[in-house]
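Asker: Let me give you the structure first, and then I'll get to my questions.
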Amino acid sequence: MTENRFDTAATDWDKENRRIELAKAISSQIALLPLNDEMRAMEYGCGTGLVGLDLANRLASLVAADSSPGMLEILKAKISAQGIKNVFPQHLDLHHDDCEQDFDLIFSAMTLHHLADIDCILAKLFHCLKPGGIIALADLEEEDGSFHQDNPEGVMHHGFNRGKLARNLERLGFSAVHVNTVHTIRRKNSHGDEKPYPVFLMTALKG
Ligand SMILES: C[S@@+](CC[C@H](N)C(=O)[O-])C[C@H]1O[C@@H](n2cnc3c(N)ncnc32)[C@H](O)[C@@H]1O
Numbered sequence: 002m003t004e005n006r007f008d009t010a011a012t013d014w015d016k017e018n019r020r021i022e023l024a025k026a027i028s029s030q031i032a033l034l035p036l037n038d039e040m041r042a043m044e045y046g047c048g049t050g051l052v053g054l055d056l057a058n059r060l061a062s063l064v065a066a067d068s069s070p071g072m073l074e075i076l077k078a079k080i081s082a083q084g085i086k087n088v089f090p091q092h093l094d095l096h097h098d099d100c101e102q103d104f105d106l107i108f109s110a111m112t113l114h115h116l117a118d119i120d121c122i123l124a125k126l127f128h129c130l131k132p133g134g135i136i137a138l139a140d141l142e143e144e145d146g147s148f149h150q151d152n153p154e155g156v157m158h159h160g161f162n163r164g165k166l167a168r169n170l171e172r173l174g175f176s177a178v179h180v181n182t183v184h185t186i187r188r189k190n191s192h193g194d195e196k197p198y199p200v201f202l203m204t205a206l207k208g
């Protein structure tokens, strides 16, 4: 298997405070959803588990899915070091694979913009949620492409228009779509000017 940008970045992923800050902002908003310790959840694009490991103790189980073997290796080491028993790393790329389980909750953080075929993947996520299950998607607001200007490999979307994404979810059969800004990343552009990049969390129910 060829190594991608995430395999290469995995070892140092958790060393950047900005990533930990963002993950905390996202997990603390997901934590406000009606979670309970009987829920079976999946995080899609879990990386090293910065978001998922924060939420796992509120859930019965968490399948931590990612297409990067490098990210999953780091996550496995953290799970074993912390003695976590209810998080199950899984190699998964829904462009090629299917997911047959029935989850109560699916969440994803900063992964959607790396997915070439969003419609196909959202349809698969819909399929593997139970009726009444919750989806929670955090990603960048639509931007001008400058967010990834230094590292464009694997970037498929320059963020998302909230209205369009909400309509996509509704077309698939989701209801009660709700969205709010959970964090703003500040990054310098090529002219040295700091630019704000808001991050939203969109939640919805299946059916
Ligand atoms: C920007 S990182 C975010 C990681 C983590 N959610 C976090 O907040 O730290 C995007 C993650 O999506 C994963 N990813 C990219 N394309 C994917 C795909 N097609 N299927 C599953 N995971 C994917 C990458 O391997 C990476 O771990």
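Letter by letter, the sequence shown follows residues 2 to 208 in our numbering.
No residue lacks a Cβ here, since even glycine has one placed at the ideal position from N, Cα and C.
Just to confirm, are residue 47 and residue 65 a CB contact at a threshold of 8 Å?
Answerer: Yes, they are a contact pair.
Asker: Evaluate residue 204 with the Cβ neighbour count: other Cβ atoms within 10 Å of its Cβ, from every protein chain shown; 16 or more gives buried, anything less gives exposed.
Answerer: buried
Asker: Run the CB neighbour count on residue 189, radius 10 Å, all protein chains shown included, and call it buried at 16 or more, exposed below.
Answerer: exposed
Asker: Hey, which unbroken runs of the alpha helix (DSSP H) at 4 residues or more fall wholly within the stretch 75 to 156?
Answerer: Runs of the alpha helix (DSSP H) inside the stretch 75 to 156: 119 to 128.
Asker: Measure the CB-CB distance between residue 116 and residue 198 and report whether it falls below 8 Å.
Answerer: No, the Cβ-Cβ distance between residue 116 and residue 198 is not below 8 Å.
Asker: At the level of alpha carbons, what is the spacing between residue 114 and residue 158?
Answerer: 5 Å
Asker: Between the alpha carbons of residue 216 and residue 149, how many angstroms are there, rounded?
Answerer: Here the chain covers residues 2 to 208 and nothing more, so residue 216 does not appear.
Asker: Let me know the secondary structure DSSP gives residue 42 once reduced to three states.
Answerer: Strand at residue 42.
Asker: In the structure shown, what three-state DSSP assignment does residue 29 receive?
Answerer: helix
Asker: Nearest to residue 94 by CA position, among 133, 15, 169, 122, is which residue?
Answerer: 122
Asker: Is residue 110 near ligand 1, going by C-beta to nearest heavy atom under 7 Å?
Answerer: yes
Asker: Taking DSSP's pairing of strands, which residues face residue 199 in a bridge?
Answerer: BP columns for residue 199 point to 185.
Asker: Around the C-beta of residue 208, are 16 or more other C-beta atoms found within 10 angstroms, so that it is buried, or is it exposed?
Answerer: exposed
Asker: I believe residue 41 touches residue 61 by the beta-carbon criterion, under 8 Å. Please report the beta-carbon distance rounded to the nearest angstrom.
Answerer: 6 Å
Asker: In the structure shown, what three-state DSSP assignment does residue 57 receive?
Answerer: helix
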